Amino acid sequence: MKKSKNALVILAGGYGKRFNNKLPKQFNEINGENLIDFFLNRIDTNIFDIILIVTKKSFQKHTKHLKTKYPVIKFMYAEAGNNRQLSSFNALKKLDTHKPDNVLIHDAARPFCSNSLVIKIIRNLNNNESAIPYILSADKKVLSKKEFNKTIKLIQTPQGFKFNTIYRAHLNTKEIDAKDDSGLIPFDKLKLIKGERLNLKITYPEDLNYFKLFVKPIHKSGIGYDIHQIDTKSKKGLKLCGVKINFKKLIGHSDADVGLHAICDSIFGALSMKDIGYYFSNKDPRWKNKNSEFFLKFARDKLKENNFYIANLDVNFICEKPNINKYRKKMISKLSLLLKIPEKIISIKATSNEKIGFIGDGLGIAAESIIQITNDKLY
Ligand code: ZN
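Following this note's numbering, the numbering of the sequence shown begins with 3 at its first residue and continues without gaps.
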């Protein structure tokens with residue numbers, strides 16, 4: 003079966019009159035995620051060939067970062083119209099040149115929609131012109147005797163459509179201020195599917211408290227290990243965790259700071275990146291005798307770019323000499339300075355190799371680092 007071409011439209015152009023706040027609700031952030039980030043971070047965006055965010059030019063600063071976050075996806079900006087119907091129509095007009103098979107139209111104000119609902123909608127579009135999620139109202143409202151026993155269906159987004167069906171509906175409709183796309187297509191093309199109770203809509207400022215409940219801080223861990231040979235002919239020049247130590251130096255392409263290299267690798271690991279050799283090859287003349295603080299700052303910048311903070315850092319040296327304990331405090335304050343983190347979350351430990359193997363023979367120094375990072379701003 004030919005894979006269908008899927009487009010996702012996120013309507014994020016509204017000011018949210020009921021929200022009554024300077025910053026539109028969809029751009030409120032918790033742990034560095036706004037409502038649009040939250041939704042996109044939790045669905046499989048690879049399902050979509052195109053993601054189109056409909057927003058006002060003046061709001062683009064809140065969505066620009068998504069372009070780098072999802073490089074495989076084409077982001078297009080359609081100017082938000084004066085009402086929901088126009089915004090939706092603008093998006094479909096833009097999508098028409100890409101001729102998608104299916105389109106899902108979603109309100110940015112519903113960040114909690116799950117990936118399984120997205121997949122269910124797309125699967126339903128295989129055999130239906132539309133797939134509109136709904137939930138039953140918990141309260142039975144009696145409007146008249148005739149209405150009694152009628153359960154009220156609450157319609158949600160994303161609403162899925164065959165592209166041509168919804169585009170034609172928008173082109174031909176006499177409505178000018180439809181609050182929802184499903185209302186524009188003929189009744190016989192309407193396929194209602196079960197939505198999700200948790201797919202709540204953020205409407206009022208206090209609804210943001212739901213958002214706070216949903217957004218749990220993320221914790222990730224990384225491990226790093228490095229070893230360098232001691233230059234037994236040298237007398238001085240050792241540097242560990244950026245601290246100069248009066249001891250024989252280590253052999254390496256850069257300044258061979260085995261401690262900083264292990265820390266860098268643990269940060270890269272926590273961020274699911276590659277190892278230090280990938281970013282700073284020991285064949286690259288640019289890194290010859292390079293101060294390893296440069297590599298650590300690169301790793302620190304990556305943390306910042308990804309909105310992560312260090313929760314704790316645990317470094318372990320394995321060597322016979324020098325006596326690491328003597329330099330512990332200095333190393334901790336240096337790392338605190340370089341990484342811009344409090345000293346109390348750094349640990350420097352050391353162990354000897356019990357005179358076994360080449361470390362035991364005093365021929366090398368090894369370091370290992372374990373780090374935990376979080377997107378919860380702790381300090
Ligand atoms: Zn190294």
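Where a beta carbon is used, it is the ideal one built from N, C-alpha and C, also for glycine. Computed from a predicted structure; not experimentally measured.
Every residue whose Cβ sits closer than 5 Å to any heavy atom of ligand 1 is listed here in chain order: D228 and H263. Looking at F61, Q62, K63 and L68, the one whose alpha-carbon comes closest to that of T47 is L68. Taken in chain order, the unbroken stretches of beta strand (DSSP E) that lie wholly in the stretch 103-184 and span 3 residues or more are 104-109, 132-138, 155-157 and 161-164. With the rule of 3 Cβ pairs closer than 8 Å, the stretch 189-205 does not count as touching the stretch 221-239.
Annotation for I225: S268, G271 and I372 place their beta carbon closer than 6 Å to its own, counting only its chain and skipping 5 residues before and after. Contact between D109 and L13 holds: CB atoms are separated by about 5 Å, below the 8 Å threshold.
Distance from the CA atom of K95 to the CA atom of L106, rounded to whole angstroms, is 14 Å. Distance from the Cα of L242 is smallest, within the candidate group S274, T376, K331 and C115, for K331. Counting C-beta pairs closer than 8 Å gives fewer than three between the stretch 344-351 and the stretch 205-220, which falls short of the contact rule. Ranked by how close their Cα comes to the Cα of N355, the residues A171, G261 and I320 have I320 in first place. Following the DSSP letters along the chain, one finds D228 inside the beta strand (DSSP E) bounded by residues H221 to Q231.
Here P324 has I247 and F249 as same chain residues with Cβ atoms under 6 Å from its own Cβ, once five neighbours each way along the sequence are excluded. For S283, the secondary structure class from DSSP, reduced to helix, strand or coil, is coil.
Contact annotation, L37 with K24: C-beta distance approximately 16 Å; criterion of less than 8 Å not satisfied. Ranked by Cα distance from K235, the options A368, Y311 and K251 are led by K251. For the pair I154 and D182, the CB atoms are not nearer than the 8 Å cut-off. Approximately 7 Å separates the beta-carbon atoms of A9 and D51; this is inside 8 Å, confirming the contact.
With contact defined as three or more Cβ pairs closer than 8 Å, the stretch 355-370 and the stretch 254-263 are in contact. Between K290 and L240, the alpha-carbon positions lie close to 16 Å from each other. Annotated three-state conformation of N293 is coil, per DSSP. Closest in C-alpha terms to D179, from the list V11, N85 and L315, comes N85.
Beta-bridge pairing by DSSP links E81 to T57. In the structure shown, G366 falls within a strand segment according to DSSP collapsed to helix, strand and coil.
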